[in-house]
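Taking it in order: structure first as structure tokens, then the write-up.
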Amino acid sequence: MMLKHLAVGDRATIAGFNPTGKAYRRKLLSMGLTPGTPITVVRVAPMGDPVEIRVRGSALSLRKDEADALEVEKI
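First residue of the sequence shown: 1, per UniProt numbering; consecutive thereafter.
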């Protein structure tokens with residue numbers, strides 16, 4: 001499942017990275033978005049870009065391209 005399919009308030013764990021999102025992989029890893037990490041969707045902008053998530057006690061805003069690079073498993 002992709003991050004863009006989650007609604008506000010949904011919780012998930014990061015399963016991995018989409019093979020088409022290689023350009024963002026290193027950036028996402030440096031922000032603490034490693035496989036197995038739980039996340040919560042805090043808000044989504046009206047047009048779907050950006051998406052705010054809570055991870056490891058911090059709030060991150062991801063652009064649509066960055067969010068498409070993440071594969072998640074809903075909790």
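Using N, Cα and C, we set each Cβ at its ideal position, and we do this for glycine too.
Candidates D65, A12, E73: which alpha carbon is nearest D49's? Translated into the one-based positions of the sequence shown, residue 49 becomes position 49. Here the closest residue by C-alpha is D65.
Hey, could you find the ends of the alpha helix (DSSP H) A23 is sitting in? Counting from one through the sequence shown, the residue named residue 23 turns up at place 23. Residues 22-30.
Work out the CA separation of R26 and T13 for me, nearest whole Å. To locate residue 13, count along the sequence shown from 1; it is residue 13. To locate residue 26, count along the sequence shown from 1; it is residue 26. So the alpha carbons of these two residues sit roughly 18 Å apart.
Going by CA-CA distance only, name the one from A45, K22, E73 that's closest to L62. Taking the first residue of the sequence shown as position 1, residue 62 is located at position 62. Among A45, K22, E73, the Cα nearest to that of L62 is on A45.
In the DSSP assignment, what are the bridge partners of E71? Within the sequence shown, the letter at position 71 stands for residue 71. Answer is M2, G16.
How many Å lie between D10 and L70 at the Cα? Numbered from 1 along the sequence shown, position 10 holds the residue referred to as residue 10. Numbered from 1 along the sequence shown, position 70 holds the residue referred to as residue 70. If you take the alpha carbons of D10 and L70, they lie about 15 Å apart.
Would the beta-carbon of A59 fall within 9 Å of that of L3? The residue labelled residue 59 in the question sits at position 59 within the sequence shown. The residue labelled residue 3 in the question sits at position 3 within the sequence shown. Not closer than 9 Å, so no.
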